Amino acid sequence: MIDRIYIQKFASDENFEDYFSLVGNEKVMAMVTERAIPLDEARSDFRLLLDKNKKYQDFGNFKVLEKATNNFIGLAKLEINENDSSEAELGYLLLPEFWRKGYGNEIAKLLLNKAEESKNLHRIIAIIDPKNIASKKILLKNGFISEKICEIDGLPGEILRKNI
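Under the UniProt record's numbering, the sequence shown is numbered contiguously, ending at residue 164.
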């Protein structure tokens, strides 16, 4: 496995600019919310993210950093399901300049390794836009199977899962 990245939890307001560089970017969010997130909404979302990150030491939302440069390149999410602590949701966002370079696959592998180290998790889900072929390829390559295609919060969605 290539080892070009590492992750650190989003832990303070100092990390907001990195977060906003993703969610405020129309290209990044096209297959997530179909729109860039406005600044005020992003600030509110980020406060919720920080609160959730305090709940579990090893899980939550992480900055993805390039080892060679320590530069921020994206977000990785391995978030425990509040209603079923044996399940977590895996997700990732990358700045456009890092697309199609294998980073999404590296993030997925890193998060799956983290999930497998936990003895409490038995199922990982990922939610994507069905048109996001690149993400679907990454997930299928890492052992996920498509569970269903449906509307999620008014947007097209596909839920994929992997039992661990």
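For every residue, glycine included, the Cβ atom is placed at its ideal position computed from N, Cα and C.
Predicted model, so just to flag it, every value in this text is computed and none were measured.
Nonlocal neighbours in the same chain, by C-beta distance under 7 Å from residue i, ignoring five residues either side
i: Asn-105; result: Ile-138 and Lys-141
i: Ile-80; result: Tyr-56, Phe-59 and Ala-88
i: Leu-49; result: Phe-10 and Asn-61
i: Asn-71; result: Leu-65
Beta-carbon spacing of residue i, residue j below 7 Å
i: Ile-125; j: Ile-159; result: yes
i: Leu-110; j: Val-28; result: no
i: Ile-164; j: Glu-117; result: no
i: residue 168; j: Arg-4; result: This structure cannot speak to residue 168, because the chain is shown only from 1 to 164.
Option nearest residue i by Cα separation, candidates the options
i: Pro-96; options: Asp-13, Ile-5, Phe-10 and Ser-21; result: Ser-21
i: Gly-24; options: Lys-162, Lys-109 and Ile-37; result: Ile-37
i: Lys-101; options: Asn-83, Ser-118 and Gly-74; result: Gly-74
i: residue 195; options: Asn-61, Asp-3 and Ser-146; result: Here the chain has residues from 1 to 164 only, and residue 195 is not among them.
i: Ile-145; options: Ser-135, Arg-4 and Val-64; result: Ser-135
i: Phe-129; options: Asn-113, Cys-150 and Gly-143; result: With the sequence shown as reference, residue 129 is identified as Asp, and Phe is not the correct amino acid for it. Considering only alpha carbons, the answer is Cys-150.
i: Lys-162; options: Ile-133, Asn-113, Asp-153 and Gly-154; result: Asn-113
i: Ala-42; options: Ile-127, Lys-67, Val-64 and Asp-13; result: Asp-13
i: Ala-76; options: Asp-40, Leu-39, Tyr-103 and Ile-152; result: Tyr-103
i: Gly-154; options: Trp-99, Glu-26, Glu-34 and Thr-69; result: Glu-34
i: Ser-44; options: Gly-91, Trp-99, Phe-16 and Ile-107; result: Phe-16
i: Tyr-6; options: Trp-99, Leu-39 and Thr-69; result: Thr-69
Contact set for residue i: own chain, Cβ-Cβ below 8 Å, skip 5 residues either direction
i: Lys-131; result: Met-31 and Pro-156
i: Ser-86; result: Asn-120, Leu-121, His-122 and Arg-123
i: Lys-52; result: Gly-60, Asn-61 and Glu-79
i: Lys-148; result: Glu-158 and Ile-159
i: Leu-39; result: Phe-20 and Gly-24
Sequence-distant residues of the same chain with beta carbon closer than 6 Å to residue i, five excluded per side
i: Tyr-19; result: Phe-46
i: Ile-127; result: Gly-157 and Ile-159
i: Gly-143; result: Lys-162
* Asked: Hey, which unbroken runs of the beta strand (DSSP E) at 3 residues or more fall wholly within the region 59–121?
  -> 60–66, 72–81 and 84–94
* alpha helix (DSSP H) runs contained entirely in the region 122–151, provided each spans 4 or more residues -> 133–141
* Asked: Can you give, in chain order, each stretch of the alpha helix (DSSP H) that sits fully within the region 21–54 and has at least 4 residues?
  -> 26–29
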